[in-house]
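So the sequence shown is numbered by numbering that gives the first Met the number 0: it starts at 0 and just counts up by one.
All C-beta atoms in this analysis are idealised placements derived from N, C-alpha and C, irrespective of residue type, glycine included.
Please read these numbers as outputs of a predicted model, since none were measured by experiment.
Report on the structure given below.
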Amino acid sequence: MCGPRSPKAPCWARGCRVPGTGLLLLTYLAYLVLGTGVFWALEGPAARNSSRIFQRDKWMLLQNFTCLDGPSLDLLIRGIIQAYKDGTHLLDNTTSMGRWEFVGSFFFSVSTITTIGYGNLSPETMAARLFCIFFALVGIPLNLVVLNRLGHLMQRGVHRCVQRLGGSWQDPAQAQWLAGSAALLSGLLLFLLLPPLLFSRMEGWSYVESFYFSFITLSTVGFGDYVIGMDPSRNYPIWYKNIVSLWILFGMAWLALIIKIILSQLETPGDMCTCSLHCSKGNIKCRSWSGAKKGTTASNHQASCLEPSTQVMRHDEDSYCLPGLLDL
């Protein structure tokens, strides 16, 4: 039988003073909009000025030279390279600075606080670089809090499925693994298998390239060899980068939850019991034991569970709690 529940730690020690999910998401969105506006304001004029200079030089070159010599060609090439670095693309007789428009600035803000850092775009003005430092200092911890909250919500949904299945299944452990597997497969389908179809259509990549981009993005590796919205010959809808930003947010939360579950299973070092809290009576009892020797009782393990459905492991004389399949 599992031991009594430990006294509840004070809120400051447990870090429970966290705003509600709705308020947290609004704060997160407001912070992204703040970064978007600042980057847009700081980088926009510089990008527009670079675009005007490049367009002027191009027309002067075409008017003054019928054939290009070596130095003039080198000058044109250097101008094209610099314009590309500044996010300027030639579209027939016009130029596009889509990287530092509002949508592009928003996507840059997302890639900054999620630490993806594709590397294809970076601030050029000193003011934007300094702001980027402070923006990331606050935004990265905020992003981690939001990802943790979203992971808990996903976990709660799976836990509710387990409770519903547990009432109709004779084996609760089998219901737990069934719900966990369903959550894994549905997340795999929603965040890693279906999005490459959209990227293949919008970017012209193969499915393998799109899947590679999806995983590299959600894992925050962000090499930058594949980045969405960078082909000047394609017309991207306004909603495209916004949808991808939401996909990044929820996909990172799901992938982080899966990685944490895998790590918790790999780090399990001994016998394990699964305990469940009966809230109606306020007591705890062991529902099932795995890995226990024959003739060994629950009291011999001296396990204590602090939270519902927490896996309690015992290794030699030490017992401690470690998150299980459905617990963070």
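Once the 5 residues before and after residue i are set aside, which same chain residues still bring their CB inside 8 Å of it?
| i | result |
| --- | --- |
| T124 | L41, E42, A45 |
| N334 | Limits of the chain in this structure are 0 at one end and 327 at the other, which puts residue 334 out of reach. |
| D230 | E202, G203 |
| T20 | R148, L152 |
| L23 | V17, V144, V145, R148 |
| E100 | W39, G43 |
| S205 | S199 |
| M251 | T113, L146, L217, T219 |
| N241 | V102, F105 |
| I237 | V102 |
If you run the structure through DSSP and keep just helix, strand and coil, what is residue i?
| i | result |
| --- | --- |
| N234 | coil |
| D56 | helix |
| E202 | helix |
| P336 | Any question about residue 336 goes unanswered here, given that the chain covers just 0 to 327. |
| T26 | helix |
| L120 | coil |
| S218 | coil |
| L115 | The sequence shown places Ile at residue 115, rather than the Leu named in the question. Of the three classes helix, strand and coil, the one that applies to I115 here is coil, per DSSP. |
| M125 | helix |
| I79 | helix |
| W288 | A caution first: W288 carries a pLDDT of 39, below 50, which makes its placement in the model unreliable, though a value can still be read off. Three-state DSSP puts W288 in a strand. |
| I227 | coil |
| E42 | helix |
| G103 | helix |
| G36 | helix |
| G19 | coil |
Can you list, in chain order, the residues of its chain whose CB lies under 6 Å from that of residue i, leaving out five sequence neighbours each side?
| i | result |
| --- | --- |
| I112 | G138, I139, N142 |
| Y225 | F212 |
| G118 | G223 |
| L191 | S213 |
| L254 | L217 |
| R331 | Residue 331 lies beyond the stretch modelled for the chain, which goes from 0 to 327, so this question has no answer here. |
| S209 | P195, F198, S199 |
| S105 | Note that residue 105 corresponds to Phe in the displayed sequence, not to Ser. Here the set comprises T35. |
| L262 | none |
| N299 | Summary for N299: the model assigns pLDDT 45, below 50, so the residue's position carries little reliability; its value from the coordinates is reported in the next sentence. Result list for N299: empty, nothing under 6 Å. |
| A182 | V157 |
| P70 | none |
| A126 | L41 |
| E316 | Bear in mind that the predicted position of E316 carries a pLDDT of just 36, short of 50, making it too unreliable to give a figure here. |
Could you pull out every residue in the same chain whose Cβ sits closer than 7 Å to the Cβ of residue i, ignoring the five residues on either side in sequence?
| i | result |
| --- | --- |
| P194 | S213, W246 |
| T216 | I115, I247 |
| V161 | A174, Q175, A178, L325 |
| F133 | none |
| F107 | F38, L120 |
| V109 | L31, S244, I247 |
| C131 | T111, P122 |
| L256 | G150, M153, Q154 |
| D56 | G78 |
Residue i lies in the alpha helix (DSSP H); which residues open and close that run?
| i | result |
| --- | --- |
| F64 | Segment: none, F64 is in no alpha helix (DSSP H) and carries neither H nor E. |
| W176 | 171-187 |
Can you determine whether any heavy atom of the ligand SAM sits closer than 6 Å to the C-beta of residue i, and answer yes or no?
| i | result |
| --- | --- |
| I112 | Judged by which ligands are present, the structure shown has none, so any question about the ligand SAM falls away. |
**Message:** Under 8 Å: do the region 234-249 and the region 173-180 share three or more Cβ pairs, one atom per stretch?
**Reply:** no
**Message:** Three or more C-beta pairs under 8 Å: does that hold for the region 26-37 against the region 72-82?
**Reply:** no
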